[in-house]
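Report on the following structure.
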Amino acid sequence: SESNQYAHVYLPAGTWAEKEGVMTNTERRINLINAITPPPGEAKADLWIFNQMAKRFNSNNRDDNKVNFPDKSADIFLEMGELSKGRLADISGMNHQLLEKNRGIQWPYTEKQAAVGEAPPSGGKRLYTETATFRYPDGKAKLIPLPFIDNNEVPDEKFPIWLNTGRLIEHWHGRTKTGKIGNNNKYSPIPFIEINPDLALELGIKRGEYVRLVSRRSDAVVMATPTHRVPKNMVFLPFHFHDCANRLTLGLLDPHSRQPAYKQSAIRIETIEDQKAAAQLSMEMRNF
């Protein structure tokens, strides 16, 4: 992945089907995952990697400064349960055996509930519609309005087009999970923009041609896809592909959430005469 270029040491880790552990979903259900195949080549489970790091750390430290890292994933989950006590997502009543027996458990399920023999929730329990769910005396959430500060750039004569970035159904973030999967890349193989047909006609851009997007920071080469899904003064760019969105967008972060301003940049679009060279550059920008 692109992140590897920043690493001093690269430790290949197994994927979810190659290691034991737990995962949770938006239903708040925690499920036990068992490995169905060993990691390929020199890849190892995360647990093995962290254990080896702990051993090397401990070899150079005093007894009172050693890392106590569990040997089994089941013990790590118990440690997570201890840390969750008293919180909204309290999982202190769960363990691997209980998760497997119940085919997953919704949180919260506390140590106190388990101690008195209360069965884990079977599902369908809505967390935020019950009395005293939120941690306030009246049990209600507090919606705190924040002032709107419009400190992002806007289109002007030199950069007249809004750049809007977002997701594709075929890819995940920087494509670390999807970038080498055949069908995902069959349907979304290269960086592209969605551009309004009227704007494309005005700029002399045809479907499938490569164009250069230029912002106040840098540029990126992408394929043009005319569509009425975007207005004339805006283009849409998927952020999954190497470098494109990062080169064009602002480095501005929200002061509270640290969310990047990926939807508030201004660009201009330039046509490219050498389409063969542009295609090669676009291919290089999709590789990792």
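Residues 1416 to 1703 in the numbering used here are what the sequence shown spells out, letter by letter.
Every residue, glycine too, gets a C-beta built ideally from N, C-alpha and C.
In the structure shown, F1465 falls within a helical segment according to DSSP collapsed to helix, strand and coil. In this structure the segment 1426-1435 lies against the segment 1458-1474, because at least three pairs of beta carbons, one per stretch, are closer than 8 Å.
Between S1630 and the set R1662, N1599, R1622, F1472, the nearest pair of CA atoms involves R1662.
Contact holds between the segment 1669-1682 and the segment 1561-1577, because three or more Cβ pairs, one in each stretch, are under 8 Å apart. The Cβ atoms of V1636 and I1608 lie no closer than 8 Å to each other. In terms of Cα proximity to N1567, the closest of D1669, M1698, I1687 is D1669. Under DSSP, no beta-bridge partner is assigned to T1642. For I1506, the three-state secondary structure derived from DSSP is coil. DSSP, read as helix, strand or coil, puts Q1695 in helix.
When the Cα atoms are used, T1525 and N1598 turn out to be separated by approximately 42 Å. Annotation for A1469: V1482, F1484 place their beta carbon closer than 6 Å to its own, counting only its chain and skipping 5 residues before and after. Listed as beta-bridge partners of A1681 by DSSP are W1577. DSSP places P1485 in the coil class of the three-state scheme, outside both helix and strand. Per DSSP, R1662 is one residue of the alpha helix (DSSP H) stretching across 1659-1663. In the DSSP annotation of this structure, the continuous segment of the beta strand (DSSP E) that includes P1653 starts and ends at 1649-1653.
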